[in-house]
Amino acid sequence: MSDLISGVDNMSVTEAKSGGNDAGRIAEVKAWLASQFDAAGKDVPEFEYTPRSIAHLYNLASASQAKTQAANIVANDFRQKAVEYRAQGLVFGFCCLCAFGLAYWVYVFLFSRVKFYLELYIYFSLMQYFVDFVAVAARIREILENVGLAQESLPSNVVSSAQVLANVANFLNIRDTELSSFLVAMGDLSLRKTGVEEKRAKVQKESKILLDYTRKAIARLTYLKRTLAQLEDDVPPCEAQMENWKTNLAVMASKERQYLQQYSNYKALLNRVGYTQDISHGMLVEMAEHRQDLEKKTKPIMDTLRSYQDLPPDKALATLAIEDKKRQYAAAEKYLEDVLQSALATTD
1 MSDLISGVDN MSVTEAKSGG NDAGRIAEVK AWLASQFDAA GKDVPEFEYT
51 PRSIAHLYNL ASASQAKTQA ANIVANDFRQ KAVEYRAQGL VFGFCCLCAF
101 GLAYWVYVFL FSRVKFYLEL YIYFSLMQYF VDFVAVAARI REILENVGLA
151 QESLPSNVVS SAQVLANVAN FLNIRDTELS SFLVAMGDLS LRKTGVEEKR
201 AKVQKESKIL LDYTRKAIAR LTYLKRTLAQ LEDDVPPCEA QMENWKTNLA
251 VMASKERQYL QQYSNYKALL NRVGYTQDIS HGMLVEMAEH RQDLEKKTKP
301 IMDTLRSYQD LPPDKALATL AIEDKKRQYA AAEKYLEDVL QSALATTD
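First residue of the sequence shown? That's 1 in UniProt numbering, and the numbers climb one at a time after it.
Now the structure itself:
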């Protein structure tokens, strides 16, 4: 209806200019108004027929008549199709039921003769229920057609509203279309919506946590990939260095064996010459220094003795000199022995 009125509003201005005072249009408008209000069971209200109102009502009547004619054509077509589909449905249902019954009879006759009469009774009961159902449906349809509430005679907006109401009832899973049932169903739907919203909030929170973990994992994976790439780049130099170390290690191992062999040879040589731990390099150096000191001390004495060689031979003096030198020599030898003994004792 709103589409119809909007279309009329768009056409009213142009039509009003063309012929608003035409008596034929006024007659058609009055006839249309009378038919519409008579159908609704009311009288036509009093109002002033102006050119603008006549043009508006004339456009509305023309559009209404065109829509009514198109609706009648469509309704007749739907009515004819419904009759054909109804006949086809009854025939198809009856054929299916007969086929089912025949197959069931064959099964009963071949495999369970004992239950034949019981199954036959059930079959006829089903047939009677189907026939009663078809008769009740036809009776209800006839009653609705008699009171003018058949689907074919109802306006399209009423049929669409009823279908929408039935679809909503089926969607809400309610048995009737009472307001209380709709309110209960809507309350249940609101509770379900609240539960779904709570679950959705919980899932969103969990998804945020998982997203945070995923981002951290991606960052860690990126870091590990970068580290792996760096390590892969460092592999060739490290391998070259490892090869160098292996070569040096082999050389050092051979040198170690060589030095161990030389040490064994030197040790055997020292054992052969009678080398002991008391004879060390430090001890030999100390003894050499002490020998030099003794040589420095004995040099004046040796020089004095050499000077005596130039004197004329005197047996008595020579004897005294020899005895004195012997005493000095014995004292020096004893002193050297004491020094050597003290040095050996200190080394031990």
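All residues carry an ideal CB built from backbone N, CA and C; glycine is no exception. Nothing here was measured: the structure is a model prediction, and the numbers come from that model.
Item to check | Integer-rounded CB distance, given that L294 should sit under 8 Å from L336 | outcome: Within the sequence shown, numbered from 1, the residue matching residue 336 stands at position 336. Within the sequence shown, numbered from 1, the residue matching residue 294 stands at position 294. Contact holds; Cβ gap of about 6 Å.
Checklist entry - Given W32, which residues of its chain have a CB within under 6 Å of its CB, disregarding the five upstream and five downstream residues? => result Looking up residue 32 in the sequence shown gives position 32. A61, listed in sequence order.
Checklist entry - Using DSSP with H/G/I as helix, E/B as strand and the rest coil, what is S112? => result Taking the first residue of the sequence shown as position 1, residue 112 is located at position 112. Only weak support exists for where S112 lies, its pLDDT of 49 falling under 50; the value from the coordinates is given anyway. DSSP places S112 in coil when its eight states are reduced to three.
Next on the checklist: Here's the rule: buried if 16 or more other CB atoms are within 10 angstroms of the residue's CB, otherwise exposed. What is V168?
Outcome noted: For the purposes of this step, residue 168 is taken as residue 168 along the sequence shown, with counting starting at 1. When all chains shown are included, V168 counts as exposed.
Next on the checklist: Using CA atoms only, rank isn't needed, just tell me which of L183, I301 and S35 is closest to D43.
Outcome noted: Within the sequence shown, the letter at position 43 stands for residue 43. The residue with the shortest Cα to Cα distance from D43 is S35.
Checklist entry - How long is the line joining the alpha carbons of L249 and Y266, rounded to whole angstroms? => result Against the sequence shown, residue 249 aligns to sequence position 249. Against the sequence shown, residue 266 aligns to sequence position 266. Distance between the alpha carbons of L249 and Y266 is about 25 Å.
Checklist entry - By how many angstroms is the C-alpha of V196 removed from the C-alpha of M1? => result Walking along the sequence shown from the start, residue 1 turns up at place 1. Walking along the sequence shown from the start, residue 196 turns up at place 196. For M1, the pLDDT reaches just 36, beneath the cut-off of 50, and the residue's location in the model is therefore unreliable, although a value from the coordinates is still provided. Rounded to whole angstroms, M1 to V196 spans 39 Å at the Cα level.
Checklist entry - By the 10 Å Cβ neighbour count, where 16 or more other Cβ atoms means buried, how is A55 classified, buried or exposed? => result Residue numbering aside, residue 55 sits at position 55 when the sequence shown is read from its first letter. Answer is buried; the Cβ neighbour count reaches 16.
Checklist entry - Do the CB positions of A343 and E286 come within less than 8 Å of each other? => result If you number the sequence shown from 1, residue 343 lands on position 343. If you number the sequence shown from 1, residue 286 lands on position 286. Yes, the Cβ-Cβ distance between A343 and E286 is below 8 Å.
Item to check | Length of the line joining the Cα atoms of T177 and L165 | outcome: In the sequence shown, the residue the question calls residue 177 occupies position 177. In the sequence shown, the residue the question calls residue 165 occupies position 165. Cα to Cα, T177 sits roughly 7 Å from L165.
Checklist entry - If we count the other Cβ atoms within 10 Å of its Cβ and call it buried at 16 or more, is Y58 buried or exposed? => result Along the sequence shown, one-based indexing puts residue 58 at 58. Result: buried.
Next on the checklist: Quick test of your reading: A185 and I174, contact by CB under 8 Å. State the CB separation rounded to the nearest angstrom.
Outcome noted: Along the sequence shown, read from residue 1 onward, the residue named residue 185 stands at position 185. Along the sequence shown, read from residue 1 onward, the residue named residue 174 stands at position 174. About 5 Å separates the two Cβ atoms, so the contact holds.
Next on the checklist: Are the CB atoms of L183 and L172 within a distance shorter than 8 Å?
Outcome noted: Reading the sequence shown from its first residue, position 172 is the one you call residue 172. Reading the sequence shown from its first residue, position 183 is the one you call residue 183. Not a contact, by the Cβ cut-off of 8 Å.
Checklist entry - In angstroms, rounded to a whole number, what distance separates the CA positions of A318 and L340? => result Along the sequence shown, one-based indexing puts residue 318 at 318. Along the sequence shown, one-based indexing puts residue 340 at 340. Going from the Cα of A318 to the Cα of L340 covers about 32 Å.
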